[in-house]
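Chemist: Please find one structure pasted underneath; my questions will follow.
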Amino acid sequence: MKKLKITLVKSPIACLEKHIRTVEALGLHKLHQSVIHDDTPAIRGMIFVVKHMVTVEEIEQ
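Read in order, the letters of the sequence shown correspond to residues 283 to 343 in our numbering.
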């Protein structure tokens, strides 16, 4: 199964509350912090909401 490495590259401080909560739900708290999640439609939807604040890399495992 594919995995996604998600990295926070922009601060969510001045963003909408929905975006802040989505970043927290992804498990990101600090700038340049990375987390690894399974590639699921739910995670893809969360990434789409905050695509301007994160970078995504696909990891084969």
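Every residue, glycine too, gets a C-beta built ideally from N, C-alpha and C.
1) Given a cut-off of 7 Å, decide if Leu-308 and Met-328 are closer than it, judged by their beta-carbon atoms.
2) Please list the terminal residues of the continuous alpha helix (DSSP H) segment that includes Glu-306.
3) Are there 16 or more other CB atoms within 10 angstroms of the CB of Ile-288, so buried, or fewer, so exposed?
4) Report all residues from its chain with a CB closer than 6 Å to the CB of Ile-341; omit the five preceding and five following residues, and keep chain order.
5) Relative to the C-alpha of Lys-300, which candidate in Leu-290, Val-331, Ala-324 has its C-alpha closest?
Modeler: So, to answer that:
1) yes
2) 299 to 307
3) buried
4) Lys-285, Lys-287
5) Val-331
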